[in-house]
Structures are given as structure tokens and as C-alpha cells.
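Undergrad: Take this structure, written in C-alpha cells, and hold onto it; I'll ask about it next.
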Amino acid sequence: MARKVSAVHVADSHDVIRVRGARENNLKDVHIQIPKRRLTVFTGVSGSGKSSLVFNTIAAESQRMINETYSAFLQGFMPALARPEVDVLEGLTTAIIVDQQRMGGDSRSTVGTVTDTGAMLRILFSRLGRPHIGSPQAFSFNVASVSGAGAVTLDKGGRKTKERREFSVTGGMCPRCEGRGSVSDIDLSQLYDDSKSLSEGAFTIPGWKSDSFWTVRVYAASGFVDPDKPIRKYTKREMNDFLYRDPVKVKVDGANLTYEGLIPKLQKSFLSKDPEAMQPHIRAFVERAVTFATCPECEGTRLTEAARSSKINGVSIADVCAMQISDVAQWVRQLDEPSVKPLLVALAQTLDSFVEIGLGYLSLDRPSGTLSGGEAQRTKMIRHLGSSLTDVTYVFDEPTIGLHPHDIERMNDLLLRLRDKGNTVLVVEHKPEAIINADHVVDLGPGAGSEGGTVCFEGTVEGLRASDTVTGRHFDDRAKLKDSVRSSTGALEVRGASSHNLRDVDVDIPLGLLCVVTGVAGSGKSSLIDGSVANRQEVVTVDQAPIKGSRRSNPATYTGLLDPIRKAFAKANGVKPGLFSANSEGACPHCKGAGVVYTDLGMMAGVAITCEECEGRRFQASVLEYEFGGRDISEVLAMSVAQAAEFFASGSAKIPAAHKVVERLVDVGLGYLRLGQPLTTLSGGERQRLKLASRMSDNGAVYVLDEPTTGLHLADVDHLLGLLDRLVDSGKSVIVIEHHQAVMAHADWIIDLGPGAGHDGGQVVFEGTPTDLVAARSTLTGEHLADYVGA
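Sequence positions in the sequence shown follow full-length UniProt numbering and run 1 to 791.
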């Protein structure tokens, strides 16, 4: 296809980022020039190669080259970054990636600590707070109060002498909960079977059953308890040492290890982490074994009494952090103190950025691990909006995710502000409302996976509209309101819902149809569904929590597809199923089933090289001699999902159980993925749809989906709507939390929350059919949906 001319005049090589011969993942020798100091949007169907070009090639090489500017010593502490598969990359500037990766799961991390706001507030209270209690660290729940003495070395006239000095640190950490805001009560019966001895496998903690596990061996060989005596027969001293002893060094099998009481050990290994970041079986164990309650000493504020006693105009730092950020911004503006004027100005600007970016409903004490991917991405933007850096390349991954149509316009303005400061802004995006603001558009495709990886169009938005690409043909697609809607077969009753910002909500969620729950970001949608619906027995929830898995995990292992495949290979060849797992007996001994050999080059970046022994196929040569349906196991795993659907459907390769799984993968729009493709190469939207496909076999009567259009191209939305219809027509009830107007228009029933976000939301502002919502135009959602359908 002939290249279109860019809308931006390129004066010389200093005005462009030049990419030649990009071959990362599915890219097919891509040549492209991207104008600098402009907003360029990359479009294309899911899996077309957008992320491979923007993140895995341009941004990755920029970060790798920056790392190389550091000393060899420092590089040794940095992640090893391999050079992308590309011939030429010229004109790169420093790349800052603002992605949707959720923030750290540490329970001590909050919105205030991950931005500058927390630090600025601590300084403010240390200056203006009355009574005065000390430095900024006296207001930090991550700094404990300690005192003691130690030796210091002093240089007196060239002679070094040691003196003993007293020291003290006054921190703001509540001593009862250690700055976590909650205390835990542990059910000991969930930790061990006291009728057994340690030698008999008394522990019932996940992963602690085997006596080869070092932690278990430390307890058994510590000398503090008798490993052969039932725990219920321990003496008082033994029980105290077993449960509460402070850390102490012990020798086990000749190795020096640390012994620590069971309770503090579990508090450090499990309870200090955010439950949302735990693996499902660990989270289930914690929920069984631990009861969390608000700390009675600090009342959940995490702070000492002294830190809470110091106030500005009658307001403590704990009060401020619990406020909605939009209210904090107003409170700061009311302060008039010349001595801290620059601090107040900077704090107000940062808080205003939260409001501008659509996060004014958050509070500064909100744990960062509870933020959605979209909220996390927008929170990361805060630090860049006030930056004085210019000529930086900012890279965004679908920044409109999680945003109501009302909020997308504000996001567009923020991206343009970054551009107007002299920066290059690269955005991967699907929504026309965001694409329309681009100075330059690059459309990749034409298809996904092996059918994508080429540049189909470069130019203006109007040129894209007129082009014969998949994106161009669907750019102005608009879903229509249904002529008729399904009737409800019952209802899920919600009464008195009051979690987070919900205001004692009563609502009946209809069953037997497609119900869409919508509202501006922060209006209470997730609070309503997660708090009152998702935890019911008959409900199957497909949320945006990340999939746990290494590069050895792939769609075949995640969905359980590999099991019937291995059994079929084993039966056809009269051997064990374990031979057909690259993580088990059949693995190539040279690369241990990884397909690549990683070479550590010390201070230089490591290199991953395709295994010469198995040529990347991951299996022993003897295993590849066994065939099923004329294919060996590596060839089957190299198939796309669509190819596998044909392969397992009929003839000598027919496997009904495998065919059912791949058909579900096709249904959710993942036909282009390879069965053995590492999960680490999948986008967020692809991982969510993979999760949906794996849960479609569950026996739940009600499905709850959280923004299933995430990462979907315009052309794929119709496919998703067809899938939702099939779920409902099969007898399921489907509840979707969604902002996409096409899904709203296709719904049988809409529940709209608002009218605003945070304390301005939390109410049901509309219940009824999409047609009635459009006719009423009584809410923000109604206005935008009416504009969308042209009513």
C-alpha cells in the first residue's frame, strides 16, 4: 500500500524519530518516521503490532540507551534490557512510559506517598501545625519513633576518635498497627493442626507442607520446640517461642538461618502485602485465617496521637488525607501564610492536577494497590504535568481506559498540554474521541498476530477516515439503540449499599438480560458491584486484576487447554502425558523448556538467545518424534487459536474438550494468539479477554464483566456485543461495568450512578432502558449517549 504523506512537515532528521527494519514480535520490517514535538496516535486492531512498535521498540531502546550512560557499576543494579529487533533507530529522546501497570501492592503505599502531595503536606504541618511536634518525619506513618545510643567516628585535627552518642528519631508511625491502619487477629487453627507434630506435617499454611521447605525445616531444627511432639502438648515456653519469639540466628544443616516466631513471620510474609496483589490461593488463606479491624489506637489513620494532635485551623494531617482531593485543593487555597507561600502554590497546583485529570474523587490515604489500571496511569501523569522537562517522549497506553465520555475531553487537553511544552507524545489508542486530536496517525495491521505487523496508513485523522483500512472503515461506526429489549426474569436485590461513597443505595439489578452499570469515573460503579454483587455464590466475576504467570505460562496452560492435548498425545503414542509439557519431563534439557538460553554478561545487558539444542521448540528431540494428527507438540503450540479451532474440530485430530476451549478464545476475539505464546507478551486487554474465555465454562448464573471493551478495536466491539448476546441467550445474566457508548446502546437495561464523582456521586440517578435514558437526557451519561446515537 502506498504511504500517505504526514500532516506534519519534516524539515530534517532532527524533527523526526526514524525507525527502519523493526521486527519485534509480529512487526514485518517496519519503516516509519514519527514527527517530534507532536501528538502521534497509533491505531489498529488488537494484536496488530502497536505495542510492539511503540513500547517494545521505540521506548525500550530509549531506556536501554539511557541505562548505558550510567557507570558499569550502576548498570549491574539495573534490569538487563536487550536491544530490540530493529536495524535503525534515530532521533530518540528520553522516553517516559506512563502505562497501566498497577502500583505496588505494599500496604504502606498510598496515593499521597506515590505522589509529591504526601511529602509536601508533611512539610506544611511541620511548619504551621500547632502544637509544633517536630520535623516532617513526625507526620510520616512510615517512620517509627526510636531512640538509643551508638558509636560515631569523629575527625579531630586529623585524629579519628570514637565517641558514644545518644540519638532519637521521632516518627509518625502508630506503634500499635505499625503504620498500617489496621490490626489483625489470627485464627491459629488455620495455621496448623495442633494434634500433629511438625515432623508429621502440622502446618496448613499454603506452601508450608513439605519438610524440604526451608522455613518448615527451621522450625523443626531450631531447638526451641520438639519437632516430634504434637503442638497441643507444647509447654508455655515452647508455645511462646513457637509463636512470638524475636528473630534469632540458628544453624540448620550447616547453614546459618533466621528463626522467627510464627506470628511475626506471617505478618511480614503475608499481612504486609495488599490482598489484591496476592495469588488467589494465598488471598483465600489470608481471608480464612485473618480478621482485619481498624486499629483502635490510631482509628485507622496510621499516625501517632502526637501527629494527630498537631493541627492547622483545627484540621489534622489525618483529616486532610481522608478528604476528597478536590476538597483538599479548596482547603489549601484558604491558607494564607507568606512563610510557606511557594509550598502552598506547588501543593495547590499538584492537587489541581488530580482534579483536572479526573481523579479529584480520590483521597490521599487511598492505598495505591486498590487503584484500577486507568487510575494508576492517570496518577503517574501527575508528576509529569508540572515537570519543567522539554523535548521528552511521553508514551501512553490507552489513557482513556476507565474514563467516562465526559472525562475523555479533559484527558485530551492534558495530552495536548504535554505536547505544547515541546514534548513528543506517543499514544496507543482505540477510541475515536481520543484519536481525533492527533497531529499524526499511524495505523497498523491489516489484521492481528501473523496477519498484522505492517503500517497500513500514515497521515492525518481525515486521511485515516477516508482510507480503506480497518480503522478507517470503522472510524465513524455508531451502534444503534435496540428496537426491543429483553424482559427481566428476576432481580438481584441490593439494599443499603454504603461502601466507599455509596449513599445507602437500594437498587434491583435485573436478571436474564444484559444490564450495563455506568457513570463517571469515581461515581460508585465498582463499589456497588464489587461490594454487593460480585461476592455472591452464583456470580462469576471477570475483573481487571492482572493474571499471575511467568514467561512459561501461555494461553494453553492458563485455560487448561494443554491438559486434553497432552492426554491425546499420550494416548495416541502409548506414553506418559508428562512428556508433552515443557515444564516437566519433556523439556529440552539445555534450555529447561524455556526455548531460549539467557546469558548473563555481568555488568553489560544480558542476552536471550534461541536455544540451539531445540531451536526454540522447548522440547526434547525424542518427544518431537511423537505425533498426533500429523503434528508434533511444538507444532500444535505454534498454531494460532483460529488454526487450532479447525485442527481439533474433525478428523484424526478431533479433541472435543480442546475444541470447546479454543472456540471460546475465538469468541472473545483472540483467534490470532498462538497457543504457546508467553502471557508476558499479551496486552492488558488481551489478558482480560483470556480470563473471560477461561471463566465462560464456569457454572455461575450471573456474569460480571469490568470494562470488557478495554483494548478492543472499533471493529471488534461488534464481535464482543455478539458474545454478550450469546451469553444472555444461553440463560446467563450479564452485568457489565462499562463506559463505551456502543455497549450502553446495546443494553437491555442501564443503571447510571452519579451525578458526579466521590462525595458528589454514590447515588443511582437513572434506571431504565437506553431509549428512556436518551429521551430523558437527565444525566451526563444520557447526554453523551444521545449525542453518540444522534438522537
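Glycine included, each C-beta is placed from N, C-alpha and C at the ideal position. Bear in mind the structure is a predicted one, so any value in this text is a computation, not a measurement.
How far does the alpha helix (DSSP H) with valine 332 in it reach, from first residue to last?
TA: The residue given as residue 332 occupies position 332 in the sequence shown. It spans 325-333 - the alpha helix (DSSP H) in which valine 332 sits, taken as one unbroken run.
Undergrad: Residues in the same chain with beta-carbon distance under 6 Å from valine 661, minus the five sequence neighbours each way, listed in chain order, please.
TA: Taking the first residue of the sequence shown as 1, we reach residue 661 at position 661. Answer for valine 661: Thr559 and Leu561, listed in chain order.
Undergrad: Going residue by residue through the region 539-589, where are the continuous alpha helix (DSSP H) segments of at least 4 residues, counting only ones entirely within it?
TA: 555-558 and 562-573
Undergrad: Kindly indicate which three-state DSSP category proline 342 falls into: helix, strand or coil?
TA: To locate residue 342, count along the sequence shown from 1; it is residue 342. When DSSP states are grouped into helix, strand and coil, proline 342 belongs to the helix group.
Undergrad: Hey, would you say leucine 81 sits closer than 9 Å to glutamine 63, going by beta carbons?
TA: Indexing the sequence shown from 1 puts residue 81 at position 81. Indexing the sequence shown from 1 puts residue 63 at position 63. Cβ distance < 9 Å, so leucine 81 and glutamine 63 count as in contact.
Undergrad: Per the contact definition of three or more C-beta pairs closer than 8 Å, is the region 712-728 in contact with the region 738-746?
TA: yes
Undergrad: Less than 9 Å between the C-beta atoms of serine 527 and serine 553, yes or no?
TA: Sequence index remark: in the sequence shown, residue 527 carries index 527 (1-based). Sequence index remark: in the sequence shown, residue 553 carries index 553 (1-based). Taking 9 Å as the Cβ cut-off, serine 527 and serine 553 do not qualify as a contacting pair.
Undergrad: Among Pro510, Ile96 and Gly496, which residue has its Cα nearest to the Cα of aspartate 504?
TA: Your numbering for residue 504 matches position 504 in the sequence shown. Comparing Cα-Cα distances from aspartate 504 to each of Pro510, Ile96 and Gly496, the minimum goes to Gly496.
Undergrad: Nearest to histidine 31 by alpha carbon, out of Gly578, Cys295 and Val442?
TA: The sequence position of residue 31 within the sequence shown is 31, counting from 1. Ranking the options by Cα distance to histidine 31, first place goes to Val442.
Undergrad: Determine the DSSP secondary structure at cysteine 174, reduced to helix, strand or coil.
TA: What you label residue 174 is simply residue 174 of the sequence shown in a count that begins at 1. Here cysteine 174 sits in coil by DSSP.
Undergrad: Name the two residues that bound the continuous beta strand (DSSP E) containing lysine 251.
TA: In the sequence shown, counting from the first residue as 1, residue 251 sits at position 251. Element bounds for lysine 251: 248-252.
Undergrad: Is glycine 754 near leucine 780, with beta carbons less than 9 Å apart?
TA: Taking the first residue of the sequence shown as position 1, residue 754 is located at position 754. Taking the first residue of the sequence shown as position 1, residue 780 is located at position 780. Yes, the Cβ-Cβ distance between glycine 754 and leucine 780 is below 9 Å.
Undergrad: In three-state terms, what does DSSP make of residue 792?
TA: Outside the displayed span of the chain (1 to 791) sits residue 792, for which this structure offers no information.
Undergrad: Quick one: what's lysine 268 bridged to in DSSP?
TA: Start at 1 with the first residue of the sequence shown, and residue 268 comes out as number 268. In DSSP, lysine 268 forms no bridge with anything.
Undergrad: For proline 230, which three-state DSSP category applies?
TA: The residue given as residue 230 occupies position 230 in the sequence shown. Secondary structure at proline 230: coil, using DSSP grouped into helix, strand and coil.
Undergrad: Give me the DSSP bridge partner(s) of glycine 490.
TA: Start at 1 with the first residue of the sequence shown, and residue 490 comes out as number 490. Its beta-bridge partners are Leu511.
Undergrad: Keeping to the same chain, check which residues put their C-beta closer than 6 Å to that of leucine 243; ignore five residues upstream and five downstream.
TA: Numbered from its first residue, the sequence shown carries residue 243 at position 243. Closer than 6 Å at the Cβ level, and outside the excluded window around leucine 243, lie Gly261, Leu262 and Ile263.
Undergrad: Alanine 293 to aspartate 391, Cα distance in whole Å?
TA: Your numbering for residue 293 matches position 293 in the sequence shown. Your numbering for residue 391 matches position 391 in the sequence shown. In a straight line, the C-alpha of alanine 293 is about 49 Å away from that of aspartate 391.
Undergrad: Could you check where the beta strand (DSSP E) with threonine 40 kicks off and where it finishes?
TA: Position 40 of the sequence shown, counting from 1, holds the residue named residue 40. Start and end: 39-43.
Undergrad: What's the call for leucine 773, buried or exposed, on a 16-neighbour Cβ count within 10 Å?
TA: To locate residue 773, count along the sequence shown from 1; it is residue 773. Leucine 773 should be labelled buried.
Undergrad: Whose CA, out of Asp506, Cys321 and His590, lies closest to the CA of arginine 617?
TA: Translated into positions along the sequence shown, residue 617 becomes position 617. Taking only the C-alpha atoms, the option nearest arginine 617 is His590.
Undergrad: Assuming alanine 491 and aspartate 506 make a contact with CB atoms under 8 Å, what is their CB distance in whole Å?
TA: Numbered from its first residue, the sequence shown carries residue 491 at position 491. Numbered from its first residue, the sequence shown carries residue 506 at position 506. So it is not a contact: roughly 12 Å between Cβ atoms.
Undergrad: Taking only the alpha-carbon atoms, compute the straight-line gap between valine 183 and valine 455 and give it to the nearest angstrom.
TA: By 1-based counting over the sequence shown, the position of residue 183 is 183. By 1-based counting over the sequence shown, the position of residue 455 is 455. Rounded to whole angstroms, the separation of the alpha carbons of valine 455 and valine 183 is 55 Å.
Undergrad: Can you check DSSP and say which residues form a bridge with alanine 95?
TA: Locating residue 95 in the sequence shown gives position 95, where the first residue counts as 1. Bridge partners of alanine 95: Thr393.
Undergrad: Whole angstroms is fine: what's the gap from alanine 645's alpha carbon to histidine 659's?
TA: Residue mapping note: residue 645 aligns to position 645 of the sequence shown, counting from 1. Residue mapping note: residue 659 aligns to position 659 of the sequence shown, counting from 1. When rounded, the distance between both Cα atoms is 6 Å.
Undergrad: In three-state terms, what does DSSP make of cysteine 321?
TA: The residue you call residue 321 lines up with position 321 of the sequence shown. Looking at cysteine 321 - three-state DSSP - the assignment turns out to be helix.
Undergrad: So what does DSSP say about proline 432, is it helix, strand or coil?
TA: In the sequence shown, residue 432 corresponds to position 432, counting from 1. In this structure, proline 432 counts as helix in the three-state DSSP scheme.
Undergrad: Of the residues Asn412, Phe285, Ser71 and Gly254, which one's Cα is nearest the Cα of serine 269?
TA: Along the sequence shown, one-based indexing puts residue 269 at 269. The residue with the shortest Cα to Cα distance from serine 269 is Phe285.
Undergrad: Indicate whether histidine 713 and threonine 471 have their beta-carbon atoms separated by less than 9 Å.
TA: Residue mapping note: residue 713 aligns to position 713 of the sequence shown, counting from 1. Residue mapping note: residue 471 aligns to position 471 of the sequence shown, counting from 1. Yes, Cβ-Cβ distance for histidine 713 and threonine 471 is below 9 Å.
Undergrad: Going straight from the alpha carbon of glycine 761 to that of serine 71, what length do you get?
TA: Translated into the one-based positions of the sequence shown, residue 761 becomes position 761. Translated into the one-based positions of the sequence shown, residue 71 becomes position 71. One C-alpha to the other measures close to 52 Å.
Undergrad: Which residues does DSSP pair with glutamine 763 in a beta bridge?
TA: Your numbering for residue 763 matches position 763 in the sequence shown. Its beta-bridge partners are Gly754.
Undergrad: Between the alpha carbons of methionine 603 and proline 678, how many angstroms are there, rounded?
TA: Taking the sequence shown and counting its residues from 1, one reaches residue 603 at position 603. Taking the sequence shown and counting its residues from 1, one reaches residue 678 at position 678. Low confidence applies to methionine 603: its pLDDT is 39, below 50, so where it sits in the model is not reliable, and the reading given next is rough at best. Going from the Cα of methionine 603 to the Cα of proline 678 covers about 27 Å.
Undergrad: Counting only the same chain and skipping the five closest in sequence on each side, list residues whose C-beta sits under 7 Å from that of tyrosine 234.
TA: Position 234 of the sequence shown, counted from the first residue, corresponds to residue 234. If we look at tyrosine 234 and ignore the five residues flanking it on each side, its Cβ neighbours are Val225 and Phe242.
Undergrad: Spatial neighbours of serine 353 within its chain, please: CB distance less than 6 Å, with the 5 preceding and 5 following residues excluded, ordered by chain position.
TA: Translated into positions along the sequence shown, residue 353 becomes position 353. Closer than 6 Å at Cβ, skipping near neighbours: Ile382 and Leu385.
Undergrad: How big is the Cα-Cα spacing for arginine 176 and glutamate 299?
TA: Here residue 176 corresponds to residue number 176 of the sequence shown, with the count starting at 1. Here residue 299 corresponds to residue number 299 of the sequence shown, with the count starting at 1. Approximately 11 Å between the Cα atoms of the pair.
Undergrad: Shortest alpha-carbon distance to residue 875 belongs to which of Ala534, Thr117 and Ala438?
TA: This structure cannot speak to residue 875, because the chain is shown only from 1 to 791.
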